[in-house]
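Counting along the sequence shown from 1, when you hit position 232 you're at 232 in full-length UniProt numbering, and nothing is skipped either side.
All C-beta atoms, glycine included, are put in the ideal place defined by N, C-alpha and C.
Predicted, not measured: the structure shown is a model, and the values here were computed from it.
Beneath this line is the structure, given in structure tokens, with notes to follow.
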Amino acid sequence: MSFKLPSDIDHVTWAVDVDGNGDEIVLPTHAPTSEPVKHVHHVIHDHTRTLGQVTSSSGTDQWTCTTRYSELSAIGDDKTTDISCISGEIMTGCSSRTMDGSSVRDGEYYQFSNGAATCRAVNAFQSAAPVQAVARCCSRKSLQCTYMTAGPSLPGKEEQIAVNCPGHSFPVGCTSYTYFGFMDGAYSNGTDCVAQGDGARLDYTVFVYAACCQAPSMTCHVRRSAPSGLKRGDRASVTCSTGETLLGCSVYSEDGSTGGAMPDGTGRGCTAFNGQERFPGEDSVTAIAVCCT
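Quick look at the structure:
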């Protein structure tokens, strides 16, 4: 049944008679959910390369970490903002977020120059707000971090690109970066940093960046949050266990549209942001923390 409103009339009232057999019509009281989707990931390690390495010459056997924030970027495609650690600190994590809670961003990545790492956040096409880069900066005796990257991934949804951390180092700071704003995020799986794409076009690929770190007696665990809600701006949070220190924080969703991630104010938790309204059955965002002793 369809109705067409005449062009010269602003509004009209329709009376509709419905004939039936007398059976009660029951309408659902909640939105239907879709069947679970089986995700099939294809991972490659192509074009892995090392950006640089830094080793601490000071510190104690205990972690001392702080979170540092960049200035806000300009609004617009490929507008960037950077944050570095101060002297005596080593960057173990790099993340970013959009300031309006949207998913319009290109991600973040490590740069390495003059013996130190920088965390760079990149804004995207059709952005309406700035992005902010967030670095986790730590010190510990004999801490060594190697910064690596790989990519691009193959084009397509659920295509993954990974960096395998060398030797006894642990993937503590994982980031994803793309030229076109379509990505699912990044995570540590204990041996690799993995980034995942979320676009179908041939040029919709993603790069992965990793901070691979080690120190005497260092032990790390990857901790994941429960999924966020489905509304734009909803958050997912995970906290390190007692005695652990947060070294890295990232966001991941099988269905993309992430608004970023950042360490929380306690220094022990990681918060991820959902970047758009989702339908029931879609995967929202998960916060992923790398927690070390």
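Where ASP184 falls, given that 16 or more other Cβ within 10 Å makes a residue buried: By the Cβ-count criterion, ASP184 is buried, with 16 or more other Cβ atoms from all chains shown falling within 10 Å of its own Cβ.
Option in PHE182, THR178, GLN144, LYS157 with minimal Cα separation from CYS165: Its Cα nearest to that of CYS165, the residue GLN144 stands out among PHE182, THR178, GLN144, LYS157.
Three CB pairs or more closer than 8 angstroms across the region 165 to 175 and the region 67 to 86: Flag = no, the region 165 to 175 and the region 67 to 86 do not touch.
Local Cβ density within 10 Å of VAL122, reported as buried at 16 or more and exposed below that: By the neighbour-count criterion, in which a residue is buried when 16 or more other Cβ atoms sit within 10 angstroms of its Cβ, VAL122 is buried.
Exposure label - GLU244; buried when at least 16 CB within 10 Å: A residue is called buried when at least 16 other Cβ atoms come within 10 angstroms of its Cβ; GLU244 meets this threshold and is buried.
Three CB pairs or more closer than 8 angstroms across the region 130 to 149 and the region 49 to 67: The count of Cβ pairs closer than 8 angstroms, one atom from the region 130 to 149 and one from the region 49 to 67, reaches three, so the stretches are in contact.
Beta-ladder partner(s) of GLN111, from DSSP: For GLN111, DSSP records a beta bridge to THR118.
Span separating the alpha-carbon of ALA236 from that of ALA226: Computed Cα separation, rounded: 7 angstroms.
Same chain, Cβ closer than 8 angstroms to ILE75, neighbours up to 5 away in sequence not counted: Contacts found: ASN123, SER127, ALA128, ALA129, PRO130.
Whether PHE273 touches GLY107 by CB criterion (8 angstroms): The answer is no: Cβ separation not under 8 angstroms.
Under 8 angstroms between C-beta atoms of SER250 and ASP283: The Cβ atoms of SER250 and ASP283 do not sit closer than 8 angstroms to each other.
Whether ALA135 touches CYS213 by CB criterion (8 angstroms): Their beta carbons are not under 8 angstroms apart, which means ALA135 does not touch CYS213 by this criterion.
Inter-stretch contact (C-beta, 8 angstroms, three-pair minimum) for the region 77 to 93 and the region 152 to 161: Result no; under three Cβ-Cβ pairs closer than 8 angstroms.
Secondary structure of LEU51, DSSP reduced to three states: Note: LEU51 maps to strand in three-state DSSP.
Proximal residues to GLU89 (C-beta, below 8 angstroms), its chain only, five neighbours per side dropped: Cβ within range, chain order: THR66, CYS137, CYS138, SER139.
Among GLN276, THR286, PHE279, TYR110, nearest to ALA133 - alpha-carbon criterion: Considering only GLN276, THR286, PHE279, TYR110, the residue with the shortest C-alpha distance to ALA133 is TYR110.
Those residues which DSSP pairs with GLU159 across a bridge: Paired residues: HIS42.
Sequence-distant residues of its chain with Cβ nearer than 6 angstroms to PHE180 (five each side left out): If we look at PHE180 and ignore the five residues flanking it on each side, its Cβ neighbours are TYR204.
Coil, strand or helix - ILE86 by DSSP: In the structure shown, ILE86 sits in coil (DSSP, three-state: anything other than H, G, I, E or B).
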